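K.L.:
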Amino acid sequence: GAGVSQSPSNKVTEKGKDVELRCDPISGHTALYWYRQSLGQGLEFLIYFQGNSAPDKSGLPSDRFSAERTGGSVSTLTIQRTQQEDSAVYLCASSHGDRVTETQYFGPGTRLLVL
Amino acid sequence: EDQVTQSPEALRLQEGESSSLNCSYTVSGLRGLFWYRQDPGKGPEFLFTLYSAGEEKEKERLKATLTKKESFLHITAPKPEDSATYLCAVGILTGGGNKLTFGTGTQLKVEL
Chain A
1 GAGVSQSPSN KVTEKGKDVE LRCDPISGHT ALYWYRQSLG QGLEFLIYFQ GNSAPDKSGL
61 PSDRFSAERT GGSVSTLTIQ RTQQEDSAVY LCASSHGDRV TETQYFGPGT RLLVL
Chain B
1001 EDQVTQSPEA LRLQEGESSS LNCSYTVSGL RGLFWYRQDP GKGPEFLFTL YSAGEEKEKE
1061 RLKATLTKKE SFLHITAPKP EDSATYLCAV GILTGGGNKL TFGTGTQLKV EL
């Protein structure tokens, strides 16, 4: 079956512009996670969704970052007034549920470059 | 603070030369230890989940083991196609979700 998909695969933007990153989880997966992978650093948790609600937003680095999920499916991560330090790979993962036994399956990521 | 440390950062092996990758962790309440493989330009690909000390899992040339403080990923007779970055993560149950805390990975290169 289809895996997690993300779009765009690459995004180049200018400092100060807003960007939207999209994630389509595996069909039927209720839990959705966003992570960020910066050069030379491990994956960093950003936000977790269960259905359309976000019980854990603790990883969002600033109020320029926001995310939403609609219909229990597609999620959008929005970065406002982008800064050069926002350049990274943004990865989305989904799992069937939110129990510790559930495997998170990752998408291919969106590579964001802020000039 | 929860920490996950992987070593070595990079490893170069000859084809057929077995070795082990290490993942040590200090977390308050381990809920699961996950191994992923990541190829350049791609998202992480799930390999194994371990839940309790003494547990072992195998898949082809890979075997993952878990103790109370660390996990090992053993690679037996590796092939060039095993070249990738191997990521270790621990699951921390918080806010109802299963947040993963990742190490920085071991970059493995297997040469002919």
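Residue numbers (this note's numbering), protein chains in the order written: chain A, 1 to 115; chain B, 1001 to 1112. Built from N, CA and C at the ideal position, the CB exists for glycine as well. From a predicted model like this one, the values you see are computed outputs, not experimental measurements.
Taking the alpha-carbon positions, what's the Ser94(A) to Pro1078(B) distance?
P.N.:
C-alpha separation (whole angstroms): 30 Å.
K.L.:
Check whether the Cβ atoms of Gly16(A) and Thr30(A) sit closer than 8 Å, and answer yes or no.
P.N.:
No. Outside cutoff.
K.L.:
When Cβ atoms are compared, which residues of the stretch 1039-1072 of chain B fall closer than 7 Å to chain A?
P.N.:
The stretch 1039-1072 of chain B vs chain A, Cβ under 7 Å: Lys1042, Gly1043, Pro1044, Phe1046 and Thr1049.
K.L.:
Taking Cβ to Cβ, would you say Ser5(A) is nearer than 8 Å to Thr110(A)?
P.N.:
Not a contact, by the Cβ cut-off of 8 Å.
K.L.:
Tell me whether Thr101(A) is buried or exposed, calling it buried when 16 or more other Cβ atoms sit within 10 Å of its Cβ.
P.N.:
It is exposed - the Cβ of Thr101(A) has fewer than 16 other Cβ atoms within 10 Å.
K.L.:
If Thr956(B) sits next to Glu1015(B), beta carbons under 8 Å apart, how far is it from one beta carbon to the other, in whole angstroms?
P.N.:
As displayed, chain B neither begins before 1001 nor continues past 1112, which places residue 956(B) out of reach and without an answer.
K.L.:
Hey, quick one: how far does the beta strand (DSSP E) through Arg1037(B) stretch, first residue to last?
P.N.:
Note, Arg1037(B): beta strand (DSSP E), Leu1033 to Gln1038.
K.L.:
Would you tell me roughly how many angstroms separate the C-alpha atoms of Thr1065(B) and Asp18(A), rounded to the nearest one?
P.N.:
Approximately 44 Å between the Cα atoms of the pair.
K.L.:
Helix, strand or coil for Gln84(A) per DSSP?
P.N.:
Of the three classes helix, strand and coil, the one that applies to Gln84(A) here is helix, per DSSP.
K.L.:
Which of the three DSSP states is assigned to Glu20(A) in this structure?
P.N.:
Residue state, collapsed to three classes: strand.
K.L.:
Cβ of Gly1029(B) less than 8 Å from any chain A Cβ?
P.N.:
So no, Gly1029(B) is outside the interface.
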